[in-house]
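Asks: Pasting a structure below so you can have a look.
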Amino acid sequence: MPGEVTRKWRPPLALIVTGAMAGIVAVPVLGLTYFRVAGNVLGWAETAWLILWLAVVSAAILGFLLWRLVLRPVTALTAHARDMKAGRAGPPPAHFGTPEFSELGQSVIDMGATLQNRAATMRAYADHVTHEMKSPLTAIAGAAELLEDATDDERRALAATIADSAARMDQLLSDLRRHAAAGLAREGGEVLLSVAAAQITGLSVALGRDGKVPMPEDDLVAVLRQLSQNAAGHGADRITLDWAGGRLRVSDNGRGVAEGDRARLFDPFFTTTRAQGGTGMGLAIVRALIGAHGGTIAHLPAPGGAVFEISF
């Protein structure tokens, strides 16, 4: 989670600039006025020295305020940005002076956290892809070596192994592309739940309360298809859709989700059907699609079947 900038009251930057300009104009005018009035009383030399000291003190106070409210926040923000760039960002500075600098500081912190999370995700993807590709590549390499001395029947079996491994790699790469595209910002839209539900095949769909879901039709259909495919893969023959209060609930009558799998359910590459060709990217794609429209998805524990709730 990105750090939060502590909010303290500080005068707006416009007020500081206006005050500084007013002080620059007012000090000479007041000095000349005071010089003409007090010169005959205190003496011209003494009055001049007094005005000089007042000008120095005023300049020092103005400089201190500008340093505290403008220069120090900018310096702190620059140092924090450099630390984030080097990958050693600690807690953010306590505050960033004026409200404008506080907003700028929070934006930089949020941006840095987003970039760091993205870099961590890319590293995790690289590790997972390397691991996932290793098995089919090993199978292909081994089958290719055995083909040289194999009989016709053995060659057909080895060729099938190569084809299956290549298909698995192609499916994995396709899912990776879909996941990357799903996370991109998308244009808004809405569609009736019943319209999207009518396009789901492979199992029966029971529709509860209908309503307009704030997602384009293609994206909502993609989400429902993936959830229905997961349900069918876990023994379900029916899903139920219900829309109310900005929440879409999708439930099925399958075997449900094991308690030990719930925490990793939406993690990329996590699957309990790897032996059947699962890549573990389906629910990750669903979460990315929903997140691109400002929504979230969660699994709700329930007896008999799986229940997912999508909130906008």
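Residues in the sequence shown are numbered from 1 upward in steps of one, following the UniProt record's numbering. The beta-carbon is built from N, C-alpha and C at its ideal position, and this holds for glycine as well. Please read these numbers as outputs of a predicted model, since none were measured by experiment.
Hey, quick one: how far does the alpha helix (DSSP H) through Gly78 stretch, first residue to last?
Replies: For the record, residue 78 in the displayed sequence is Thr; it is not Gly. Here the alpha helix (DSSP H) through Thr78 covers Arg72 to Lys85.
Asks: Label Ser174 either buried or exposed according to how many other C-beta atoms from any shown protein chain fall within 10 Å of its C-beta, with 16 as the threshold for buried.
Replies: Ser174 is exposed by the Cβ-count criterion.
Asks: Can you tell me whether DSSP reads Ala198 as helix, strand or coil?
Replies: It is coil, neither helix nor strand.
Asks: Would you grab the beta carbon distance between Leu207 and Leu193 for me? Rounded to a whole angstrom, and I think it's under 8 Å.
Replies: Confirmed, about 7 Å.
Asks: What does a CB cutoff of less than 7 Å around Leu147 pick up in its chain, not counting 5 residues either side in sequence?
Replies: Contacts found: Arg155 and Leu158.
Asks: Is the beta carbon of Ser311 closer than 9 Å to that of Gly291?
Replies: Against a cut-off of 9 Å, the Cβ pair of Ser311 and Gly291 comes out as no contact.
Asks: Sort out for me which residues DSSP pairs Glu241 with in a bridge.
Replies: A small fix is needed here, since residue 241 is Leu in this sequence, not Glu. Paired residue(s): Leu207 and Val250.
Asks: Going by DSSP in three states, Leu300 sits in which element: helix, strand or coil?
Replies: Of the three classes helix, strand and coil, the one that applies to Leu300 here is strand, per DSSP.
Asks: Check whether the stretch 196 to 205 and the stretch 222 to 236 are in contact - that is, three or more C-beta pairs closer than 8 Å.
Replies: The stretch 196 to 205, when compared against the stretch 222 to 236, does touch it at the 8 Å Cβ threshold.
Asks: Please name the residue or residues paired with Lys212 in a DSSP beta bridge.
Replies: According to DSSP, which records beta bridges pairwise, Lys212 is partnered with Leu192.
Asks: For Glu148, which of helix, strand or coil comes out of DSSP?
Replies: Glu148: coil per DSSP, three-state reduction.
Asks: Does the distance from the CB of Gly189 to the CB of Pro216 come in under 9 Å?
Replies: The answer is yes: Cβ separation under 9 Å.
Asks: Out of curiosity, what's the CA-to-CA distance linking His80 and Ala113?
Replies: Using only the alpha carbons, I get a separation of about 12 Å.
Asks: Cutting at 7 Å between CB atoms, please list the residues of its own chain near Asp242, excluding the five before and the five after it.
Replies: Excluding positions up to five away in sequence, the list reads Gly208, Arg209 and Arg249.
Asks: DSSP three-state call for Val257: helix, strand or coil?
Replies: In the structure shown, Val257 sits in coil (DSSP, three-state: anything other than H, G, I, E or B).
Asks: Can you tell me whether DSSP reads Phe64 as helix, strand or coil?
Replies: It is helical.
Asks: From Ala160 to Met84, what distance separates their C-alpha atoms?
Replies: Each residue's Cα considered, the two are about 50 Å apart.
Asks: Exposed or buried, which one is residue 315 when buried takes at least 16 other CB atoms within 10 Å?
Replies: Absent from the model: residue 315. The displayed extent of the chain is 1 to 312, so no value can be given.
Asks: Could you name the residues that DSSP lists as bridge partners for Val307?
Replies: BP columns for Val307 point to Ser251 and Leu300.
Asks: What is the residue span of the alpha helix (DSSP H) that Arg287 lies within?
Replies: Here the alpha helix (DSSP H) through Arg287 covers Gly282 to Gly291.
Asks: Determine the direct distance from the alpha carbon of Pro73 to that of Thr98, and round the result to whole angstroms.
Replies: In a straight line, the C-alpha of Thr98 is about 8 Å away from that of Pro73.
Asks: Given a cut-off of 9 Å on the beta-carbon distance, is the pair Gln226 and Val307 in contact?
Replies: Not closer than 9 Å, so no.
Asks: Under three-state DSSP, which class holds Gly294?
Replies: Of the three classes helix, strand and coil, the one that applies to Gly294 here is coil, per DSSP.
Asks: Quick one, which of Arg177, Leu224 and Asp153 has its alpha-carbon nearest Ala197's?
Replies: Checking every option, the nearest Cα to that of Ala197 belongs to Leu224.
Asks: Taking only three categories from DSSP, how would you classify Phe266?
Replies: Reduced to three states, the DSSP call for Phe266 is coil.
Asks: Can you name the start and end residues of the alpha helix (DSSP H) that Gly233 belongs to?
Replies: Where Gly233 is concerned, the enclosing alpha helix (DSSP H) stretches over Glu217 to Gly233.
Asks: Just the C-alpha distance for Ala244 and Asp237, rounded to the nearest angstrom, thanks.
Replies: Near 24 Å, if we compare the C-alpha coordinates of Asp237 and Ala244.
Asks: Could you compute how far the alpha carbon of Gly54 sits from the alpha carbon of Thr78?
Replies: Rather than Gly, the amino acid found at residue 54 in this sequence is Leu. Using only the alpha carbons, I get a separation of about 34 Å.
Asks: Assuming Gly305 contacts Asp218 (C-beta within less than 8 Å), just tell me the rounded distance between them.
Replies: The pair is not a contact, with the Cβ atoms about 27 Å apart (cut-off 8 Å).
Asks: Can you list, in chain order, the residues of its chain whose CB lies under 7 Å from that of Gly246, leaving out five sequence neighbours each side?
Replies: Ser311 and Phe312.
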